[in-house]
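Start counting the sequence shown at 752; every next residue gets the next number (this note's numbering).
C-beta atoms are modelled at their ideal positions from N, C-alpha and C, and glycine is treated no differently.
Remember, it's a predicted structure, so these values are computed and weren't measured experimentally.
Okay, structure first, notes after.
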Amino acid sequence: MMLNKAAEVDRMICGSERLFFLDYLFLNIRFRHVQKARIQSRDALADALQVSHRLLKAQVEKDHDLDQEIK
């Protein structure tokens, strides 16, 4: 279920043009859930969130780099 949510979030980020700061803020908020899941011994959830966080962060950084090239 969590991986489907990550895919949905990934599609939302790729399909919209939002400010880099808001994307980065969103990623950091989501990453806090990884830390909380680890504390509560929900390792499968934490692993899924960590993978999602890494992929989203890479995508946001890639999109931000593309925006810099246009300017």
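- The beta-carbon separation of V802 and L778, rounded to 13 Å, does not stay under the 8 Å limit for a contact.
- Excluding five sequence positions before and after F782, the CB atoms of its chain that fall closer than 6 Å to its own CB belong to H804, given in chain order.
- Pairing I780 with K787, the inter-Cα distance amounts to about 11 Å.
- Its chain contains V785, A788, R789 as the residues whose beta carbon lies nearer than 6 Å to that of A797, once the 5 sequence neighbours on both sides are disregarded; these appear in chain order.
- In the three-state reduction of the DSSP assignment, Q810 falls in the helix class.
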